[in-house]
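Residue numbers for the sequence shown follow the numbering used here, so the first one is 71 and each next one is one higher.
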Amino acid sequence: MEKQTFLSPSIEPESIESLSQKLLEANLQLSNANRELEKLQQERETMLANISHDLRAPITAIRSAIDYLTSGQNIRLEDYESSIRLINHRTATLENLIQDMYYLFCVEDTSKELDLQPIDALPFLEEYFYDATAASLYDDHEMILDLPEDLQCQIDIDVQKMVRVLDNLFTNAAKYTPKGSSITLHAKITSDHQFLQIAVSDNGPGIPPEALPHLFGRTYTVSASRTPNSATGSGLGLAIVKAIVERHNGTVSCTSQPGKGSTFTIQLPIHINP
Numbered sequence: 071m072e073k074q075t076f077l078s079p080s081i082e083p084e085s086i087e088s089l090s091q092k093l094l095e096a097n098l099q100l101s102n103a104n105r106e107l108e109k110l111q112q113e114r115e116t117m118l119a120n121i122s123h124d125l126r127a128p129i130t131a132i133r134s135a136i137d138y139l140t141s142g143q144n145i146r147l148e149d150y151e152s153s154i155r156l157i158n159h160r161t162a163t164l165e166n167l168i169q170d171m172y173y174l175f176c177v178e179d180t181s182k183e184l185d186l187q188p189i190d191a192l193p194f195l196e197e198y199f200y201d202a203t204a205a206s207l208y209d210d211h212e213m214i215l216d217l218p219e220d221l222q223c224q225i226d227i228d229v230q231k232m233v234r235v236l237d238n239l240f241t242n243a244a245k246y247t248p249k250g251s252s253i254t255l256h257a258k259i260t261s262d263h264q265f266l267q268i269a270v271s272d273n274g275p276g277i278p279p280e281a282l283p284h285l286f287g288r289t290y291t292v293s294a295s296r297t298p299n300s301a302t303g304s305g306l307g308l309a310i311v312k313a314i315v316e317r318h319n320g321t322v323s324c325t326s327q328p329g330k331g332s333t334f335t336i337q338l339p340i341h342i343n344p
């Protein structure tokens, strides 16, 4: 039987080095992806734990009020009315929390596509502002529209979800500022003409510097002591803003000075005609 000879392919040292580098880069990317998944999972678990805690408080209050009303005691009219108001308020808290939690999970579900459309930025922002002010949602605040007349660009947005972003930013500003404070809607195109920046600013008490890095987290709620206005909310409003904006390939940030106010800015890519 004839002996067969096998020749090993010649591999240049540069090729081996290149393959090794690519392997290292792939491992690094995989490691980073795993860390992000672990972080996301931890955030979800923490958020669910916080929500579970937040659910217990209103449920306990509602149950106590119902037990009192059905106890058979002689209840004074003012106590009866107070208990009914408490039940209504706590029920609204529960409803908002559950709705916002579900909405956040839906927005983060990337298998659900956004209904993106190229929208003219100036009329969209003007219409939103006038609708919001006409609805008397912010009658206790001075509402200011500050848009340049030459704001000529389009943005690819899911209109319904972007309205939710603006709603949350305006509601947040109204919630954390005293009555009579101003809330301003600004917008401008970046100097490189690649992005549109939309900002909602107020002249309220501002946000402590240590709180800024955590504002948009799913698990973070600004201290209730900072809330000058009575409001019912889930604490997930800014997390929803971040999730929606990032689904639009945008970013959101906040700058603030204690005692001088805060500005929340979203940055969205400008529509490019094919």
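Glycine included, C-beta positions come from ideal geometry on N, C-alpha and C.
Computed from a prediction, not measured in an experiment: that's the story for all the values here.
{"Item": "Extent of the continuous beta strand (DSSP E) run through Asp20", "Value": "Nothing can be reported for residue 20, as the shown portion of the chain is limited to 71 through 344."}
{"Item": "Span separating the alpha-carbon of Thr335 from that of Asn158", "Value": "34 Å"}
{"Item": "Ile214 (DSSP reduced to helix, strand or coil)", "Value": "strand"}
{"Item": "Unbroken alpha helix (DSSP H) run spanning Gln230, endpoints", "Value": "Val229 to Lys245"}
{"Item": "Residue(s) in a DSSP beta bridge with Ala257", "Value": "Ile268"}
{"Item": "Assigned exposure category for His284 - 16 Cβ within 10 Å defines buried", "Value": "exposed"}
{"Item": "Inter-residue spacing [alpha-carbon to alpha-carbon] between Pro339 and Ile214", "Value": "25 Å"}
{"Item": "Enclosing alpha helix (DSSP H) for Phe199 [first to last residue]", "Value": "Ala191 to Ala204"}
{"Item": "Buried or exposed by the 16-neighbour rule on C-beta atoms within 10 Å, applied to Asn242", "Value": "buried"}
{"Item": "Short Cβ contact (9 Å threshold) for Arg317 with Val177", "Value": "yes"}
{"Item": "Residue closest to Ala309, alpha-carbon to alpha-carbon, out of Leu110, Tyr198, Asn343 and Ser271", "Value": "Leu110"}
{"Item": "Neighbour-count burial assignment, Arg133, 16 or more Cβ in a 10 Å radius", "Value": "exposed"}
{"Item": "Alpha helix (DSSP H) segment containing Ile314, residue limits", "Value": "Gly307 to Arg317"}
{"Item": "At least 3 beta-carbon pairs within less than 8 Å: the stretch 275-284 vs the stretch 182-193", "Value": "no"}
{"Item": "Among Val235, Gly274 and Gln264, nearest to Ile253 - alpha-carbon criterion", "Value": "Gly274"}
{"Item": "C-beta contact flag for Pro128 and Thr163 at 9 Å", "Value": "yes"}
{"Item": "Inter-residue Cα distance where the pair is Phe199 and Glu212", "Value": "12 Å"}
{"Item": "Assigned secondary structure, Asp137 (DSSP; H/G/I helix, E/B strand, else coil)", "Value": "helix"}
{"Item": "Neighbourhood of Val315 by C-beta, 6 Å cutoff - its chain only, sequence neighbours within 5 removed", "Value": "Val322 and Ile336"}
{"Item": "Buried or exposed by the 16-neighbour rule on C-beta atoms within 10 Å, applied to Lys330", "Value": "exposed"}
{"Item": "Contact under 9 Å by Cβ, Asp210 with Lys245", "Value": "no"}
{"Item": "Burial state of Asn104, where buried means 16 or more other Cβ atoms lie within 10 Å", "Value": "exposed"}
{"Item": "Environment of Ser153 [buried if 16+ CB atoms lie within 10 Å]", "Value": "buried"}
{"Item": "Identified DSSP bridge partners for Asp226", "Value": "Pro188"}
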